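Below is one structure, written out as structure tokens; the observations come after it.
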Amino acid sequence: MNPESKIYIAGHRGLVGTALLRNLRAKGFDNFVTRTHAELDLTSQAAVEAFFAAEKPDYVFLSAAKVGGIHANNTYPAEFIRDNLAIQTNIIHAAYKNSVKRMLFLGSSCIYPRLAPQPMKEEHLLTSELEPTNRPYALAKIAGIEMCWAYNRQYKTQYLAVMPTTLSGPGDNYHPENAHVIPALIRRFHEARLANAPSVTVWGSGTPRREFLYSEDMADACVYLMNLADEPFVSLLGQERNDGLPPLMNIGVGHDLTIRELAEMVKAVVGYPGTIEFDATKPDGTPRKLMDVGRLNGMGWQAGTSFEAGLKQAYMDFLDREKPAPG
């Protein structure tokens, strides 16, 4: 990319999209094309094709998606598979028709099997069954990876799928029911502190292990990959192969912690003085999800933000967004 390149960020107002915009702007890019959901319905094939034909972006970051935690995935499975399949299918095909130079398709670590070897390597995709609680979402994202790979092989497109581990940071969704684990815990402990509640209940046994990445680091990794020279970038795309290694790159930190440890850290950052109780009748989800980031680290990129520092920034963002509007 160069400063004149036209860059389209699909989902520019979400956790991922806002981080990408900040990172790109800090690196001197300013030729962006963006649309809100009200301005462009990405589930509409006709609307997406008209948008691409009119704007002709050079580079695309496909971060738009319907996302959520275990509760949201269990409650809205039809929307999670339908909307995500539609969004990515429309954008990937429109990008091809309008000669987009490169595209990054953002997925999720839940694409990997429930009992995948740990840490999870890119080649572990589709080697055993998925976690049932988010299978519709995972299958949609896997279809997106396969679609990128198919277009790369047939049309010599340059589409790379990147799989960030669980994210948190500025711009996250703190909805009490539909949020991911860190923003959900931030809200729960914050509200418990304000209410002087004696305890906070956390879903599950507390034993599953999770890896967490600060959203600003994720954005930096994405821009780093998009800016790779032709030879290393094209080598990732699988244009000449169908050998089980899709055009896929893990993005993470390479270490994890238990949900119990996470809850204790959120409790400390929020300053909640009460106790933590775990409701083992609620689902745990996948026992462990740790990314192998050896390929990305070997290409010269590593995360630079400690988990505690990122968690503090996420809580400050939550407090800023909870402030009442002036007037």
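Here this note's numbering runs 496 ahead of the position in the sequence shown, where the first position is 1.
Positions of the beta carbon are idealized from the N, C-alpha and C atoms, including for glycine.
Model, not experiment: these values are computed from the prediction.
Here the segment 619-629 makes contact with the segment 601-609; the two share three or more CB pairs at distances below 8 Å. Taking a contact as a CB-CB distance under 8 Å, the pair F528 and L558 does not count as one, their CB atoms being some 15 Å apart. Shortest Cα-Cα distance from N669 to any of G513, N498, Y504, I503 involves G513. With fewer than 16 neighbouring CB atoms inside 10 Å of its own CB, R521 falls in the exposed class. In the displayed model, T754 falls within a strand according to three-state DSSP. If you look at R598, you'll find it in the beta strand (DSSP E) that goes 598-602. Within the same chain, M761, V765 come within 8 Å of E804 by CB-CB distance, once the 5 residues on both sides are set aside. Counting C-beta atoms within 10 angstroms of its own C-beta, A560 has 16 or more neighbours from the protein chains shown and is therefore classed as buried.
Under the DSSP definition of a beta bridge, V696 partners with I772. Assignment of alpha helix (DSSP H) within the segment 650-709, counting only whole runs of 4 or more residues, yields 677-690 in chain order.
Shortest Cα-Cα distance from R689 to any of G665, T653, H671, I772 involves I772. Cβ atoms of M722 and Y572 stay farther apart than 8 Å, at about 31 Å. For V719, the enclosing alpha helix (DSSP H) begins and ends at 711-722. Around the Cβ of R598, a 10 Å sphere holds 16 or more other Cβ atoms; the residue is buried. With fewer than 16 neighbouring CB atoms inside 10 Å of its own CB, S695 falls in the exposed class.
With a 10 Å radius around the Cβ and a threshold of 16 neighbouring Cβ atoms, N580 comes out buried. Bounds of the alpha helix (DSSP H) holding A550 are 541-551. A straight line joining the alpha-carbon of E712 with that of L516 spans about 8 Å.
Closest option to Y651, judged by alpha-carbon separation, among Y592, N692, R631: Y592. By alpha-carbon distance to D526, the top candidate from K637, S501, H620, G740 is S501.
The beta carbon of K562 lies closer than 7 Å to those of E575, F576, D579, N580 in the same chain, with the five residues before and after it left out. The beta carbon of C718 is closer than 7 Å to those of L516, F557, L600, V658 in its chain, skipping five residues each way along the sequence. F557 has I505, L600 as its beta-bridge partners, per DSSP. Rounded to whole angstroms, S595 and K552 show a C-alpha spacing of 8 Å. DSSP lists V658 as the bridge partner or partners of M745. When rounded, the separation of the alpha-carbon atoms in L753 and R705 is 5 Å.
Contact between D788 and P615 holds: their C-beta atoms lie close to 4 Å from each other, under 8 Å.
Nearest C-alpha to A646 among D813, A810, M745, Q735: Q735.
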